Structure formats: C-alpha cells, structure tokens
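>
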Amino acid sequence: MQLDVVTGAFSYSGAAIARDLQAAGHRVRTLTGHPATAPGDIEVRPLDFSDEDQLARSLDGAHTLYNTYWVRFSRGRNTHAQAVANSRVLFDAAKRAGVQRVVHVSITHADPGSPFPYFAGKAAVEQHLKSIGIPYAILRPAILFGGGDVLVNNIAWLLRHLPVFAIGGSGAYRIRPIHVDDLARLAVGGGIENDTVDAVGPESVAFRDMVAAIRTATGSHAAIVGVPGWAVPPLAGALGLALRDVLLTAQEYQAMAAGLADSTAEPTGQVVFTDWIASHGATLGRHYASELNRHFRQV
Numbered sequence: 002m003q004l005d006v007v008t009g010a011f012s013y014s015g016a017a018i019a020r021d022l023q024a025a026g027h028r029v030r031t032l033t034g035h036p037a038t039a040p041g042d043i044e045v046r047p048l049d050f051s052d053e054d055q056l057a058r059s060l061d062g063a064h065t066l067y068n069t070y071w072v073r074f075s076r077g078r079n080t081h082a083q084a085v086a087n088s089r090v091l092f093d094a095a096k097r098a099g100v101q102r103v104v105h106v107s108i109t110h111a112d113p114g115s116p117f118p119y120f121a122g123k124a125a126v127e128q129h130l131k132s133i134g135i136p137y138a139i140l141r142p143a144i145l146f147g148g149g150d151v152l153v154n155n156i157a158w159l160l161r162h163l164p165v166f167a168i169g170g171s172g173a174y175r176i177r178p179i180h181v182d183d184l185a186r187l188a189v190g191g192g193i194e195n196d197t198v199d200a201v202g203p204e205s206v207a208f209r210d211m212v213a214a215i216r217t218a219t220g221s222h223a224a225i226v227g228v229p230g231w232a233v234p235p236l237a238g239a240l241g242l243a244l245r246d247v248l249l250t251a252q253e254y255q256a257m258a259a260g261l262a263d264s265t266a267e268p269t270g271q272v273v274f275t276d277w278i279a280s281h282g283a284t285l286g287r288h289y290a291s292e293l294n295r296h297f298r299q300v
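In our numbering, the protein residues as written are 2 to 300.
#1: Please check the pair Ala-256 and Asn-154, which I expect to be a contact at CB under 8 Å, by giving their CB distance rounded to whole angstroms.
#2: Just how far apart, CA to CA, sit Val-45 and Ala-10?
#3: Just confirm the distance between the C-beta atoms of Pro-48 and Asn-68, as a whole number of angstroms; I'd bet it's less than 8 Å.
#4: Helix, strand or coil: which one does DSSP assign to Tyr-67?
#5: Compare the C-alpha of Val-29 against each of Ala-16, Asp-5 and Thr-217 and name the closest.
#6: Can we count Lys-96 as close to the ligand PLP, meaning its CB is less than 7 Å from some heavy atom?
#7: Below 8 Å between beta carbons: does that hold for Lys-148 and Val-181?
#8: So what does DSSP say about Tyr-174, is it helix, strand or coil?
#9: For the putative contact between Leu-60 and Val-103, defined by C-beta atoms under 8 Å, what is the C-beta separation to the nearest angstrom?
#10: Do the stretch 160-175 and the stretch 210-228 meet, that is, are 3 or more Cβ pairs less than 8 Å apart?
#11: Just the C-alpha distance for Ser-51 and Gly-26, rounded to the nearest angstrom, thanks.
#12: Note down the Cα distance separating Ala-24 from Glu-204, rounded to an integer number of angstroms.
#13: Comparing C-alpha positions only, which one of Val-201, Ile-18 and Ile-135 sits nearest to Pro-142?
#14: Can you find the residues in the same chain that come closer than 8 Å, C-beta to C-beta, to Met-2, ignoring five residues on each side of it along the sequence?
#15: Helix, strand or coil, according to DSSP, for His-288 in the structure here?
#16: Find out if the Cβ-Cβ distance for the pair Asp-21, Arg-216 is shorter than 8 Å.
#17: Would DSSP call Phe-208 helix, strand or coil?
#18: Could you pull the DSSP bridge partners for Gly-169 from this structure?
#19: On the three-state DSSP scale, how would you describe Val-103?
#20: What are the boundary residues of the beta strand (DSSP E) that includes Val-199?
#21: Any idea what DSSP makes of Ala-138, helix, strand or coil?
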C-alpha cells in the first residue's frame, strides 16, 4: 500500500486531499503542528521545523508529499519569511528521505517581485522546490470554497448579523475560486509533472456580485455599500477586535483589489461558484469560523 504524507491533514485543504488519498486506497500520514490533539485514523507525526532529522524520519518511505503548509498572515514568530524558511527545511527533509514526488499548494500570481510578502514568499518556496531535484506539481489556487471554508462562510455570517456590508470601491475586482474538493482531485489525480498550474474553477465573479449572491442565498436584508478602499482594513480590523479574530488584512484586500485573486487560465475545477452558493444558502454562515481559533489557539 502506497504511503503518502500530507501536511495538515486535519485542517482544510489538507483534509480534502487526505480523504481522496484514503478513498484511493493509500496509506496516509500527516505532519501537524498539534499532534497531541489530532483526531482520526491517520498516522500522525509532528511538523517540527527545528528538527530536520525528525522530519526526514517522518517522511521516510513516503511516495508523495502533499504540502499545504503556509501562514495566511504574520502573527508573532509566524511570519511569511519564517514560513519560507520552514518550507525549505521541509523540502530538504523530503529530499533526504527519498520522497519521490511533491505536490505543493501555492497561490495564483506568486511572484518574487511582488510587493505583497504572501505572494513573494510563495514564489520563493516554489523556486526552492524546483531547485532540489524532486519531481513536483505546483498548484496555484486563488481562493478556496466549500467544506468549511472561512471566507464565504464568514461573509455569510456577517450578512446574517449586520445591517450593512461594506465593500471597497465598486467591488468590480474579480475572484476565481475553486472548490476544495476540486483542488483535492487535481492534487491526487491531476497527472501534473514538473509543472505549475492555476487551480481555478470555471467561474470568475466580481467581488460585489459574490457578496450579492451570498446575501440572496442566505435571505439577508443587509445593505451592500461601497466605501473607499483605504477604509476597508480599519473597518475589518474593528470587526476583528470585536470577534477576537483577523477578518481581512490590509495586504489581503489590496492584493484582491489589484486582481491577484483572478486568473485567465483554463478551469481545472468543475464546481460553479455561484451555483454552489445558491444551493448552500441555508447552511452558510450559521456559525462564525475563527481563523485564530483554527491555527493559533487551542480551543
């Protein structure tokens, strides 16, 4: 039975990949930062970047490493620069362990010259992976949805609880999301070798239209109002303080407004975003999904 390793198999995209691997009859091991609290029947090893020897032992015997590790925003020692360094350690350990292939989840428009550390850091990780001599597939999603995502769920939650939903400017900037299960299918069975592909669904939608679709699906009566782009980060920050979470960072908004969540590539996913929203309105936003609880707090 083939052994594959998934970073974060109890998290979001990693969990979808692990499910597909198990359904295909593969043995799955995960590397996680919280091994003591990990549930399920998957083998668990610590994701400890300070011990490359232990990482190599944890990867020993694995055919493919599926890497979903990253940090959405800097918090304390968890910076994008540190995430780049950690990723290099992980890939070097995979090389030492004899891993035969790496499937790496990156981001659309990863660019070493990007003014946004998230995108520049992702590009640096891609470059290192390409340099170490292991066959690879680099998947570049823009935004993920479905299966317990944070973005769509929390927009729905806000629309259910607030009388007004603010969007930056006209909201005409577009996003090209992919369903998390489509990403998993692409990762596990995509047949991509030594190539980089945008992992995107069939639909590009303006941000304003996405919010309107979620409002309709949930039955919300919140007013959607445009505000100057500069006002979005402080508004999101104030809501974040009230919710003890990080809703949206300034760089995330700026990158989205600059078109970095869109793509002109051929679709690699099948689920149509607005159709999915329309069919899941009854359940969207029933509970708030805390990013900090998921990744930084033990709750």
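Yeah, the Cβ is synthetic: ideal placement off N, Cα and C, and Gly gets one too.
Keep in mind that this is a model prediction, so the values were computed, not measured.
Taking the definition as stated:
#1: Actually they are not in contact, since the Cβ atoms of Ala-256 and Asn-154 sit about 20 Å apart, beyond 8 Å.
#2: 9 Å
#3: According to the sequence displayed, residue 48 carries Leu and not Pro. Rounded, the Cβ-Cβ distance is 10 Å, inconsistent with contact.
#4: strand
#5: Asp-5
#6: What this structure holds is no ligand at all, so the ligand PLP is not there to describe.
#7: The amino acid occupying residue 148 in the given sequence is Gly; Lys does not appear at that position. Result yes, Cβ atoms of Gly-148 and Val-181 sit closer than 8 Å.
#8: coil
#9: So it is not a contact: roughly 10 Å between Cβ atoms.
#10: yes
#11: 32 Å
#12: 28 Å
#13: Val-201
#14: Gly-26, His-27 and Arg-28
#15: coil
#16: no
#17: helix
#18: Val-228
#19: strand
#20: The residue you asked about is not Val; residue 199 is Asp in the sequence shown. That run of the beta strand (DSSP E) goes 196-200.
#21: strand
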